[in-house]
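Asks: First the structure, then my questions, so here it is.
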Amino acid sequence: MTKITFRLPGEERVVAGDIGKSIMQVAVQAGIAGIIGECGGDMSCATCHVYCADQAGFKYATVDEEDLLELVNDLRDTSRLGCQLKLTETTDDVVIEVP
Amino acid sequence: MSLHGQPPVQDQTAFDVLIVGAGHAGVQIAATLATNYEGTVGLVSAELYEPYEKPPLTKGFLNGEVSESELLLRPSTFWRESGVRLILGQQVSELDPEAHVVATAQGHRISYGRLVWAAGANPLQIDLPGINLPGVHELRTLEDTVQFREEVTFRTKVVVIGGGYVGLEAASACVKIGAEVTIVEARSRLLSRVTGPDVSGHLLQRHLEGGAAVELDASVSEIGEVDGRAGSVLLNDGRVLDADVVLVSVGIRPNVEVLAAAGARCSNGVEIDLQGRTSLPDVYAAGDCTCFPIGDGELLRLESLQNAVEQGEIVARSIMGETATYSVVPYFWSNQYDVKIKTIGLFNGYDDAIVRIGGEADAFSVVYLRNGRVCAVDSINSMRDYVDARKVLGSRVSADVVRDPAVRLRDAIIVEHVSDTSA
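Here the protein sequences line up with chains Z and X, keeping their order.
So the first sequence is numbered by numbering that gives the first Met the number 0: it starts at 0 and just counts up by one.
So the second sequence is numbered by numbering that gives the first Met the number 0: it starts at 0 and just counts up by one.
So this is what it looks like as structure tokens:
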């Protein structure tokens, strides 16, 4: 279990996520507004854009992910696709900002 | 995932909004209404499974990479806590639009304030001797896929009838399992309904390299019986293919008979406007079962997850009184072996195509043009072209730049000066 804090405009939601799940999956299942995950994690849609400042425990973005991120609004250095942020044993107390 | 043996006895038989069909469109509508809508919402499904994702069925689920529980569109708790009433195992078989009531084949009557038809599509049937034998499958639902997967193991002889997305994805998953696969396609190339000859040719090559046999221009005259189940497939030219399992994947037809019988205007699906309204009062529709206007009196029906989700969102917002209008840039994707195909736009009616061989091995894209403007792009193993494809759609492009993999596709756009707009 990883504790995930979703920071939304004017609101914070804390959700527990199972190891192996992605931030997108956890967010969709918890009904976090703004994370749609339309394509289900196939890297076809870019509707799960999030900001993640401390990415310890997560894999680095692949070239494909970097390319797809070009489609999002308000791209920042901390931008990631939620579907590519897979929870592991070493992800702990994750803070995710929802655009 | 829970498989409910018996649906619970219904204590609520009237809803402000009743959604028929729990695929991607139906669930999107339910989820959007759950957050912002005051009235009661019911979601009726003919299936016994809680709502699940469809695209992985013929991709990761079939080859074992994705488990059943990973397919759930919402956790079970959502259906208990959201206020949306999920009603499983009820197939809506009749609609009385005057009385605002539907009846189910299982004998229930449910009344509604507003109805949303999101019943999707069913596999096209073909009339062949032997089509009802055990061992003959179709792939549309989770149950179909579970049954098919149980029968396919190492060395199983699988004959796939129909070389569209479903058939080809299933074929590649079966090859991965170690089955011996033959694809039978009636037309002269694979995927002819959704892509051009370049992509078809590439996929044909990849399926052959993967070890599948492919019969083009071949039609099936009969499924032969051995020991009470499918044992062979007879082709029109007289050849006989051995088969342990047969998959029929020749397309889908929109599930709109009930709506049509109730008087809704239907052609290639139920006709809706850009707010998702059918011709019947208080009846909306969304997803694979609908066709919608795209200008010049043309109607378009899409078979896609994106269309289901985005139309569902429009319908939910219409119901909540917002004036949302549907407009979509269609995208599609398919995974077969190591080939990832991503498509933007619609290639139908293209009059020119430019092939762009990628910098990376196995990567290439095809830019389709209609009247000099990009109407669609297929990208094979090239995320960067897929991303740029969204930018070039609708533009005029330089063919030389498109063909040059050293230059990004987006840089092929020919900027047009706005001239006299009064013309």
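Think of the CB as a built atom: it goes at the ideal place given N, C-alpha and C, for glycine as much as any other residue.
1) Just how far apart, CA to CA, sit residue 278 (chain X) and residue 271 (chain X)?
2) So the beta strand (DSSP E) residue 289 (chain X) belongs to, where does it begin and stop?
3) Under 7 Å Cβ-Cβ, which residues of chain Z neighbour residue 386 (chain X)?
4) Within 10 angstroms of its Cβ, does residue 385 (chain X) collect 16 or more other Cβ (buried), or is it exposed?
5) So, does the CB of residue 10 (chain Z) fall closer than 7 Å to a CB anywhere in chain X?
6) Determine whether the beta carbon atoms of residue 408 (chain X) and residue 325 (chain X) lie at a separation below 7 Å.
7) What is the rounded straight-line gap between the Cα of residue 360 (chain X) and the Cα of residue 337 (chain X)?
8) Here's the rule: buried if 16 or more other CB atoms are within 10 angstroms of the residue's CB, otherwise exposed. What is residue 370 (chain X)?
9) Can you find a CB in chain X that lies within less than 7 Å of the CB of residue 78 (chain Z)?
10) Just curious, the beta strand (DSSP E) that residue 17 (chain X) is in, first and last residue?
11) The region 31–62 of chain Z: which residues have C-beta closer than 8 Å to a C-beta of chain X, in chain order?
12) If residue 392 (chain X) sits next to residue 344 (chain X), beta carbons under 8 Å apart, how far is it from one beta carbon to the other, in whole angstroms?
13) Just to confirm, are residue 165 (chain X) and residue 57 (chain X) a CB contact at a threshold of 7 Å?
14) Could you give the DSSP three-state label for residue 352 (chain X): helix, strand or coil?
15) Indicate whether at least one CB of chain Z lies closer than 7 Å to the CB of residue 78 (chain X).
16) Apart from the five residues just before and just after residue 259 (chain X), which ones in its own chain have a Cβ nearer than 8 Å to its Cβ?
17) I'd like to confirm something about residue 56 (chain Z): is its beta-carbon nearer than 6 Å to some heavy atom of the ligand GTP, or not?
18) Count the other CB atoms, across all protein chains shown, that sit within 10 Å of the CB of residue 5 (chain X); report buried if there are 16 or more and exposed otherwise.
19) Identify the continuous beta strand (DSSP E) that holds residue 48 (chain Z) and give its terminal residues.
20) Which chain X residues sit within Cβ distance under 7 Å of residue 28 (chain Z)?
21) If the cut is a Cβ gap below 8 Å, which residues of chain Z does residue 341 (chain X) touch?
22) How is the beta strand (DSSP E) around residue 173 (chain X) delimited, first residue to last?
23) Going by CA-CA distance only, name the one from Z:52, Z:79, Z:75, Z:50 that's closest to residue 61 (chain Z).
24) Going by the CB atoms, is the gap between residue 18 (chain Z) and residue 51 (chain Z) shorter than 7 Å?
25) Tell me the rounded alpha-carbon separation between residue 414 (chain X) and residue 73 (chain Z).
26) Taking the CB atoms as reference points, tell me whether residue 138 (chain X) and residue 85 (chain X) lie closer together than 7 Å.
27) Could you list which residues in chain Z have their beta carbon closer than 9 Å to that of residue 305 (chain X), in chain order?
28) Would you call the region 23–39 of chain Z in contact with the region 350–364 of chain X, where contact means no fewer than 3 C-beta pairs closer than 8 Å?
29) Ordered along the chain, which non-local residues of its own chain (more than five positions away) have a Cβ less than 8 Å from that of residue 410 (chain X)?
30) Looking at chain Z, is there any beta carbon in it that lies within less than 7 Å of the beta carbon of residue 52 (chain X)?
31) Excluding the 5 residues flanking residue 7 (chain X) on each side, which residues of the same chain have their C-beta closer than 7 Å to its C-beta?
32) Looking at the unbroken beta strand (DSSP E) that takes in residue 282 (chain X), where does it start and where does it end?
33) Does the separation of the CB atoms of residue 5 (chain Z) and residue 31 (chain Z) fall below 7 Å?
34) Would residue 224 (chain X) and residue 119 (chain X) be called neighbours here (beta carbons separated by less than 7 Å)?
35) Report the option in X:332, X:98, X:148 whose CA atom is closest to the CA atom of residue 66 (chain X).
36) Under the rule that 16 or more other beta-carbon atoms within 10 Å means buried, what is residue 59 (chain Z), buried or exposed?
Replies: The short version:
1) 7 Å
2) 289–292
3) 66, 67, 69, 70
4) buried
5) no
6) no
7) 12 Å
8) exposed
9) no
10) 13–19
11) 32, 35, 37, 38, 39, 41, 42, 43, 44, 62
12) 5 Å
13) yes
14) strand
15) no
16) 265, 269
17) Because no ligand of any kind appears in the structure shown, any question about the ligand GTP cannot be addressed here.
18) With a pLDDT of only 41 at residue 5 (chain X), under 50, the local geometry of the prediction cannot be trusted, and no value is derived from it.
19) 48–50
20) 73, 74
21) 43
22) No beta strand (DSSP E) contains residue 173 (chain X), which is instead part of the alpha helix (DSSP H) from 164–176.
23) Z:79
24) no
25) 25 Å
26) no
27) 37, 38, 43, 44
28) no
29) 400
30) yes
31) Its pLDDT being 45, under 50, residue 7 (chain X) is placed unreliably by the model, and the measurement read from it follows with that caveat. Hits under 7 Å: none found.
32) 282–284
33) yes
34) no
35) X:148
36) exposed
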